[in-house]
Amino acid sequence: MSSEKVPEKNSNSDFEPPWFFAAEENSLKEGNLLRVQPGGRNVLLLKAEGEIHAFTNLCPHAKCPMDRGTLKEFILTCICHGRKFDVRTGECLNDSLQLKRYEWKIEGGKVGVKIE
Numbered sequence: 001m002s003s004e005k006v007p008e009k010n011s012n013s014d015f016e017p018p019w020f021f022a023a024e025e026n027s028l029k030e031g032n033l034l035r036v037q038p039g040g041r042n043v044l045l046l047k048a049e050g051e052i053h054a055f056t057n058l059c060p061h062a063k064c065p066m067d068r069g070t071l072k073e074f075i076l077t078c079i080c081h082g083r084k085f086d087v088r089t090g091e092c093l094n095d096s097l098q099l100k101r102y103e104w105k106i107e108g109g110k111v112g113v114k115i116e
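Quick note on full-length UniProt numbering: the sequence shown kicks off at 1 and runs consecutively.
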């Protein structure tokens, strides 16, 4: 598994606000963690078991970058203190913390994230 940063796109011409371009759909590989910045927000995109998920890229515990963590099946583990999150819900398995989820959609092979 690897962490990658997708180059920012200068234009949001593919989406209308509050939706912003985040990545090309084919850049989302199973198990990889992609840090993107749609609308200037720090967002984590990932694909787990064929499903796409989008979250804030900061752990709610200590603000560590989640794209530096690890993903195994549906469990995303923070690199800093080992907090484990179920990517299907964003819920932390260690305590009551929760990752902020973002809505996403695919149009024309491009992933858009809703930023409000």
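C-beta atoms are modelled at their ideal positions from N, C-alpha and C, and glycine is treated no differently.
Roughly how many angstroms lie between the CA atoms of residue i and residue j, to the nearest whole one?
i, j, result
"residue 9", "residue 49", "Only weak support exists for where residue 9 lies, its pLDDT of 46 falling under 50; the value from the coordinates is given anyway. Each residue's alpha carbon lies about 27 Å from the other."
"residue 111", "residue 93", "28 Å"
"residue 76", "residue 82", "9 Å"
"residue 29", "residue 52", "10 Å"
"residue 89", "residue 27", "23 Å"
"residue 35", "residue 107", "20 Å"
"residue 91", "residue 24", "27 Å"
"residue 32", "residue 55", "14 Å"
So for residue i, helix, strand or coil by DSSP?
i, result
"residue 114", "strand"
"residue 10", "Confidence in residue 10 is poor, its pLDDT being 39 and thus under 50, which makes the residue's placement too unreliable to answer from."
"residue 124", "Any property of residue 124 remains undetermined from this structure, which presents the chain solely from 1 to 116."
"residue 16", "coil"
"residue 30", "strand"
"residue 96", "coil"
For the ligand GDP, any of its heavy atoms closer than 8 Å to the Cβ of residue i?
i, result
"residue 13", "As presented, the structure is devoid of all ligands, the ligand GDP included, so that no description of it is given."
Along the chain, where does the beta strand (DSSP E) containing residue i start, and where does it finish?
i, result
"residue 71", "70 to 72"
"residue 77", "75 to 77"
"residue 44", "43 to 48"
"residue 107", "104 to 107"
"residue 56", "51 to 56"
So, at 6 Å on beta carbons, what are the nonlocal neighbours of residue i in its own chain, with the 5 sequence-adjacent residues on each side left out?
i, result
"residue 86", "74"
"residue 19", "112 and 114"
"residue 103", "114"
Looking only at its own chain, which residues have a Cβ that is under 7 Å from the Cβ of residue i, when we skip the five neighbours before and after it?
i, result
"residue 38", "20, 21, 22, 113 and 115"
"residue 79", "64, 68 and 69"
Using a Cβ-Cβ cut-off of 8 Å (strictly less than) and excluding sequence neighbours within five positions of residue i, which residues of its own chain qualify?
i, result
"residue 96", "none"
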